Each structure stands twice: as structure tokens, then as C-alpha cells.
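Numbering (this note's numbering), first residue to last: 2 to 617.
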């Protein structure tokens, strides 16, 4: 008994403390508006009071609606929670008023007030939408509540009545936020299911949606039948199947196809047995045919500026340098950042003019983008690591970045700051003083043995010695080679096309290695995206055509014109189609094809390299 008594005291103490907590908990008061209301139907507006007892609540008048219950229905709920040993309790009281929707439109629920312990609490205003009734709805649906999904009501009673499912009872729409756009401009695309049936037991994609001529960025969505929408005079339950931002890559009339779907719905079947009429649920299979939506794409103005790489939207451009007074052999960072809204993921920052006295490494590029509203926003960063090899003063010119501004409908060129660097001699390496020395610094030159240094043995002038002329000839050859190398590099620097072509394979293989890593991690979406980037980027560099202007047709035309076989051209188009289809097909069985697609992509790029494309 002695051990039980303290336990009881502790339990009573906890209960008392929880009561005190609930008493002093702050009271709150809010309105819960209706979700789906159709004109002629009755609906409820709920006012919820938490942690308090209220008085003097009056239902506010709502425009477009008639109050049916001046006195509210009340329901009370109590809850107790124990979290980390701490107990809390709350009391909730719901006050429910019933209204009738008399006309369609968007309406506001005025603020309501209630008195709690001598204080007046008020709700915020809330809005809701009343949809019009179905066009040509049966009489029993007019002016009263009727489930808009019960389509059997339209049929007369008989021995057995099972209405046929029409294309207007269930379908998938392609919804675009604009009907006209420029090349590279962001378009919001939504695939939405419209149905008269409240229950869908199965749903399968038999043919995925197609986005020919577009680059796509997905928006995470969860398909839920939870909204009622009025469309073409009818009320439907809707669910968003897919939402994405698409970027057109060519001009003209482009079409998005919704794809094909197989599903089973629960249909109400009317059964008559003498004087009694009843309805029973029957499962029925439905095959949805494609729904198409077109958009007119306007080409970007011509001629395009020399520095334009396909950026469309609105951007800012800036640069930074980690150190303007480095020493020879000391690595410094040169960074360029494009920030903005538009096709940011597909932006290319032009290569800066870095002095030849600096050793430079392959730039590190990084894109940080997110979907904001109906477009992409974020940053594209290109970071160069450069190492000065020579003492002196050097200049990195200002860098330009050109984009097409959608608001101004014109090209805009931004300029990032240039830099002047003063390089001092480093402690760990030789400071080179001549450009030829820099280019020849990796040449193997053996030290020449000069022989006995004693002047008493030989006083022959240096000009008469054989090794003097050998050394002179060697240095002359090295100087000529250095000049030739420098001129060749100058030609390469001036040949933008040549540089793009030479680096195409290297960049593509780097992206394919990244795709291989995603493949091993079973990250199929990232895998297909990286393969597409590798192919599009490789073709853009090889053909000297911006990615924004690449299409399947001009790829085939340009490759064929340059002597590439039809077999290789068709294989590249097949790979592009398979990757895009796989990215947007929810069927996980396609993951088994990743290795085959990877091998095809590698073989296609190798085949193009071996083809040695002829000039246009």
C-alpha cells in the first residue's frame, strides 16, 4: 500500500496539471468554407472554436446564398496528447450553419464573431466558389442536391438500365497557360483527368503523353480526385495527372498529346423489380483516347547577336575573382554567375578570354534551379580555376552575356566586370619571362656537358667549337616550334567552331559517365535526363547549332548533308525518342532498358566521331 499511494498522487498531479494547461490554453476561432458547391444545392459553413466556450454567435449573411438554419448545429470533440512525457488536451466545438446556393460565382464569407470569457474572437474573411449546375441536367437535379456523378438518373426505369459511358463522361485534357510563346519561353502544361465517376479502381498509362519539340521539367504532383470543376456546361471531379514546365525548341505550330489510358470505373446500374427501384455499383473498363492541344511558337528575331547562346527570359549577370594579386603557381578562381527566370537550366555562359600566360582547367558548371509559379528560376555558375605562370600585369576583359528579354521582346546584352591582375614571383617555381619559354617548359632539354673548365688547356673561341653551333641550332628549332605552336593556338582561339567541335566528344563522355552513375544507383529519371543532355550537347557542338534550335529534323538533315549514313541518323532519333518516352512514363518496367539505351548512346557518339563530318 505504501508503494501505491505515491503513484496515485503522481497520477492525480499529472491530471491536474493537464487540466490547468487546457484551461490556460489560448482559444482560437476560425471559419471552414465549403469546398465544392453547385448552384441549387445545400451546403454547410462551419465555425470552429478551440479551447473555449462561446456565446453570441450569429451566422453572417452570405451574398448569393440563403440561410436555412438560423440556429447552428453543434458538435464537441476532446483530445488528449502525450508527447515526450508532456500531456496536453484540447476541446473543439464546431458550429454548423446550412445554406442554399442560389446562383453561381465567387462569394465571400464575412467575418463572424463569438464571445469567449469576456473577449470577442473574430474569424478572417473566406471566399468560395459556387459552380453552375450541369447543362441540360434532369429535373430532379434542378434546385436541390443531387450527386453530379450519378449519371444513371438521366435514364428511365426499366427491367434493367445501364447507361453507356460517353467520351464526355471521362477524359484527359491538356491545359496550357498560354496559346502563343517564343522559342525557349516557359509554358506551364497540366494534364488533368475529368470524370463523372466518384470511384476509379484502376488507372494505367498505355501510351505516354508526347512533347515533341519541347524540353520538359516536371513538377511534383499527387493525383487525387478531390476537386469539382465546371467545364463545357458540366460539373466534373478532377485530378491533376501531370504538371510540368515545357520549353519549345522550334517555331511553328507544336502539339502536345495527352496519351492513352486504360482504367476501370464504378458505374451505378439501375435495377427495377416490380414496385422497387434500386441502384447497384458495377465496375466497367474504359479506354481513353488522346486529347491534343496546340500552341503557336514564334521564332526568335533574326539576326541573333554573336554572343547569344539561347537564354530566354530575364537575367542578371555578374563575375567575381578570388585574388587579383596572386603569385606564380598559385591557383585562383574566376567565377561567372547568371541569375534569372526562364530557361535557366539550358543556359550556356560564354567562355572568357583568359591570358595565355595562365594555365586553365576545365570549368566547373553548376545549375541551381527551381520551379516558381509557371516558370523556372535560379542560377547558372561557371567557375574557372586559373594558375599564373608568369610575372607581370595581366588583364581579363569584361565578359558579355546575351539573352532574349520576353518583356521587351528584344535581345539584351549584360556585361560582367573585367579584372586587372598583378602577378608576383612565387616561392615554389620559376617565373617565366617569355611566352616561348612558357610553351616550351615541358620540353625535355638535356644539359650539355661543357668539358674541362680549365683555361690553360684550351683557348679556342666558342664560335669555333662544334657544340656551340649544335646548341644554337637546337635553340633555333625550339624557337621556331614555339612560334608555330603559338600561331596554331591563336588560330584555334579564333576558331570558335573548331573549339566546339574538338571538345564535343569530351563533354559528351563526361555526361555519359554521369549517366552511368545514375544508372548504377537506379535513378532512372536522372539517367535519361543526363543521356539527353549528352546527345543534345554533342550534336549542338558538332553541328554548330544552338541547343535551342535543334530539332529531330534538322539533326537528320545536317548529318545527312555531312555524309553521315541514314542508319546512324535514324539510330540517334530513336535514342532521343526512347529517352524522352522513358522519362515521362510512370511504368517502372522501362527501367530494365537503361543499359541498352546507355550502350546505344555510346555507340552512336563513337560512330559520329568515326564518320569525320564533312564541313557544311
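No residue lacks a Cβ here, since even glycine has one placed at the ideal position from N, Cα and C. All values derive from a computational prediction rather than experimental measurement.
Straight-line Cα distance separating residue j from residue i
| i | j | result |
| --- | --- | --- |
| residue 160 | residue 269 | At residue 160 the pLDDT is 42, less than 50, meaning the model places this residue with poor confidence and gives no usable figure here. |
| residue 343 | residue 523 | 30 Å |
| residue 71 | residue 239 | 33 Å |
| residue 145 | residue 122 | Only weak support is given to the placement of residue 145: the predicted model assigns it a pLDDT of 35, under 50, and the value that follows is read from those uncertain coordinates. The straight-line gap from Cα to Cα measures roughly 34 Å. |
| residue 446 | residue 416 | Confidence at residue 446 is low in this model, with a pLDDT of 42, below 50, so the placement of that residue should be treated as unreliable; the coordinate-derived value is given next. Looking at the two C-alpha atoms, the distance is approximately 45 Å. |
| residue 332 | residue 322 | 11 Å |
| residue 110 | residue 67 | 13 Å |
| residue 399 | residue 259 | 47 Å |
| residue 357 | residue 375 | 44 Å |
| residue 291 | residue 100 | 41 Å |
| residue 314 | residue 329 | 41 Å |
| residue 1 | residue 349 | Only positions 2 to 617 of the chain appear in the structure, and residue 1 is not among them; the question remains open. |
| residue 598 | residue 126 | 56 Å |
| residue 187 | residue 211 | 17 Å |
| residue 406 | residue 293 | 29 Å |
| residue 335 | residue 428 | 23 Å |
| residue 271 | residue 45 | 30 Å |
| residue 473 | residue 488 | 23 Å |
| residue 156 | residue 281 | In this prediction, residue 156 scores a pLDDT of 42, lower than 50, which makes its location untrustworthy; no coordinate-derived value is stated. |
| residue 556 | residue 537 | 10 Å |
| residue 201 | residue 194 | 11 Å |
| residue 64 | residue 33 | 17 Å |
| residue 558 | residue 108 | 57 Å |
| residue 519 | residue 526 | 9 Å |
| residue 482 | residue 468 | 21 Å |
When the options are compared against residue i, the one with the closest alpha-carbon
| i | options | result |
| --- | --- | --- |
| residue 181 | 392, 301, 47, 544 | 301 |
| residue 234 | 90, 321, 134, 508 | 134 |
| residue 253 | 601, 298, 521 | 298 |
| residue 340 | 245, 367, 126, 307 | 367 |
| residue 543 | 506, 572, 408 | 506 |
| residue 511 | 527, 521, 532, 525 | 532 |
| residue 76 | 351, 387, 92, 87 | 92 |
| residue 196 | 171, 202, 597 | 171 |
| residue 394 | 610, 425, 220, 414 | 425 |
| residue 380 | 386, 359, 337 | 337 |
| residue 55 | 31, 63, 37, 35 | 31 |
| residue 352 | 384, 478, 359 | 384 |
| residue 266 | 346, 39, 283 | 283 |
| residue 79 | 476, 255, 94 | 94 |
| residue 396 | 418, 35, 402 | 418 |
| residue 391 | 483, 420, 327 | 327 |
| residue 43 | 571, 579, 103 | 103 |
Cβ-Cβ separation, residue j to residue i (assumed contact under 8 Å), whole Å
| i | j | result |
| --- | --- | --- |
| residue 183 | residue 113 | With a Cβ gap of about 49 Å, residue 183 and residue 113 do not count as contacting. |
| residue 509 | residue 535 | 5 Å |
| residue 250 | residue 551 | 6 Å |
| residue 372 | residue 218 | 7 Å |
| residue 256 | residue 243 | No, residue 256 and residue 243 are not in contact; Cβ-Cβ is about 16 Å, not under 8 Å. |
| residue 208 | residue 261 | 4 Å |
Buried versus exposed call for residue i [16 or more other C-beta atoms within 10 Å across all chains shown]
| i | result |
| --- | --- |
| residue 231 | buried |
| residue 433 | Below a pLDDT of 50, predicted positions are generally treated as unreliable, and residue 433, at 41, falls in that range; the measurement from the model is reported next regardless. By the neighbour-count rule (16 or more Cβ atoms within 10 Å), residue 433 is buried. |
| residue 514 | exposed |
| residue 529 | buried |
| residue 98 | buried |
| residue 205 | exposed |
| residue 354 | exposed |
| residue 596 | exposed |
| residue 317 | exposed |
| residue 389 | buried |
| residue 600 | exposed |
| residue 304 | exposed |
| residue 86 | exposed |
Any non-hydrogen atom of the ligand FMN closer than 7 Å to residue i Cβ
| i | result |
| --- | --- |
| residue 551 | No copy of the ligand FMN occurs in the structure displayed, which carries no ligand at all. |
Test: residue i CB closer than 8 Å to a CB of chain B
| i | result |
| --- | --- |
| residue 391 | You won't find chain B in this structure, because it holds only one protein chain. |
(request) Could you pull out every unbroken beta strand (DSSP E) segment of at least 3 residues lying fully inside the region 291 to 341, listed in chain order? (result) For the region 291 to 341, whole beta strand (DSSP E) runs of length 3 or above, ordered along the chain, are 293 to 299, 309 to 322.
(request) Mind listing, in chain order, the continuous beta strand (DSSP E) runs of no fewer than 3 residues lying wholly within the region 63 to 96? (result) 66 to 68, 74 to 84
(request) List in chain order: all unbroken beta strand (DSSP E) runs of 3+ residues lying wholly within the region 102 to 134. (result) 106 to 110, 114 to 117, 120 to 123, 127 to 132
(request) Please specify which runs of the beta strand (DSSP E), each continuous and at least 3 residues long, are wholly inside the region 195 to 243, giving them in chain order. (result) 201 to 208, 215 to 220, 228 to 232
(request) Can you check the region 501 to 579 for any alpha helix (DSSP H) of at least 4 residues that lies completely inside it and give the ranges in chain order? (result) 525 to 544, 553 to 562
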